[in-house]
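Just so you know, the sequence shown maps onto residues 23 to 191 in our numbering. All C-beta atoms, glycine included, are put in the ideal place defined by N, C-alpha and C. One structure is given here, and the rest of the page talks about it.
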Amino acid sequence: MGNSQTPYQIEFLGGKDNVYFFFTKFKVGYLVKFKPSFYVLDADPAIADHVYELVIARIEKPEGPIPPDEQILHTIAAIAEDFFKKEQNIAIYVCDDSDGRGKARKRKFDGWFVYLNFEGRGFMKIDQGFHEADGFSYSASLIFKSENQLKIQIITALDELADRYNQPK
Numbered sequence: 023m024g025n026s027q028t029p030y031q032i033e034f035l036g037g038k039d040n041v042y043f044f045f046t047k048f049k050v051g052y053l054v055k056f057k058p059s060f061y062v063l064d065a066d067p068a069i070a071d072h073v074y075e076l077v078i079a080r081i082e083k084p085e086g087p088i089p090p091d092e093q094i095l096h097t098i099a100a101i102a103e104d105f106f107k108k109e110q111n112i113a114i115y116v117c118d119d120s121d122g123r124g125k126a127r128k129r130k131f132d133g134w135f136v137y138l139n140f141e142g143r144g145f146m147k148i149d150q151g152f153h154e155a156d157g158f159s160y161s162a163s164l165i166f167k168s169e170n171q172l173k174i175q176i177i178t179a180l181d182e183l184a185d186r187y188n189q190p191k
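Following this line, the structure appears as structure tokens:
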């Protein structure tokens, strides 16, 4: 992956999970993955075969507090731009709430999308909430290129999944 305009040097490790790696100036290591997730939308293969779960994982950090670093989001944005060179790709980002921080993750992710003007750069983001029978809930966002010829079917598939999932148990 070309890094001429990215804040941090990005290494594309590839593999079945489409793994990217970078280190920050504060010696924090990140993996950004786009894991094949054909099963998520339970949709036609024309859609399902192009669904990937976006995972952002901090894998290494020094001891002590780490200052805020805006360059991380610009680096992740460059990774997303590279991944979406295949216009049919669809990323789903699930805001895990197992530690009670799901809403904060959602706010941060939504803020990144707006701050980096992804909509103006040709992307769409569709949000949906899901509720477990035990009261646990989480949100998910689908991100895809606005030019994706299957965008109506993609949105419909997410809505149908939410309808099935959120039925009273």
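**Q.** C-beta contact flag for Asp-64 and Leu-172 at 8 Å
**A.** Taking the first residue of the sequence shown as position 1, residue 64 is located at position 42. Taking the first residue of the sequence shown as position 1, residue 172 is located at position 150. No, the Cβ-Cβ distance between Asp-64 and Leu-172 is not below 8 Å.
Q. Touch check for the stretch 53-67 and the stretch 133-146: three-plus C-beta pairs under 8 Å?
A. no
**Q.** Own chain, CB closer than 6 Å to Ile-81, minus 5 neighbours either side, in chain order
**A.** As a first step, residue 81 is located in the sequence shown; it is residue number 59 there, counting from the start. Taken in chain order, the residues that qualify are Gly-51 and Leu-53.
Q | Boundaries (first-last residue) of the beta strand (DSSP E) holding Tyr-160 | A | The residue given as residue 160 occupies position 138 in the sequence shown. Residues 159-167.
Q. Leaving out the 5 sequence neighbours to the left and right, which residues in its chain are closer than 6 Å to Phe-43 when beta-carbon positions are compared?
A. For the purposes of this step, residue 43 is taken as the residue at position 21 of the sequence shown. If we look at Phe-43 and ignore the five residues flanking it on each side, its Cβ neighbours are Glu-33, Leu-35 and Leu-53.
Q: Label Ser-161 either buried or exposed according to how many other C-beta atoms from any shown protein chain fall within 10 Å of its C-beta, with 16 as the threshold for buried.
A: The residue given as residue 161 occupies position 139 in the sequence shown. Flag for Ser-161 reads buried.
(Q) Taking its Cβ as the centre, do 16 or more other Cβ atoms sit within 10 Å of Gly-120, making it buried, or is it exposed? (A) Mapped onto the sequence shown, residue 120 falls at position 98. Correcting the residue identity first, residue 120 is Ser in this sequence and not Gly. Ser-120 is exposed by the Cβ-count criterion.
Q) Given a threshold of 16 other Cβ atoms within 10 Å of its Cβ, counted over all protein chains shown, does Ala-113 qualify as buried or as exposed? A) Taking the sequence shown and counting its residues from 1, one reaches residue 113 at position 91. Ala-113 is buried by the Cβ-count criterion.
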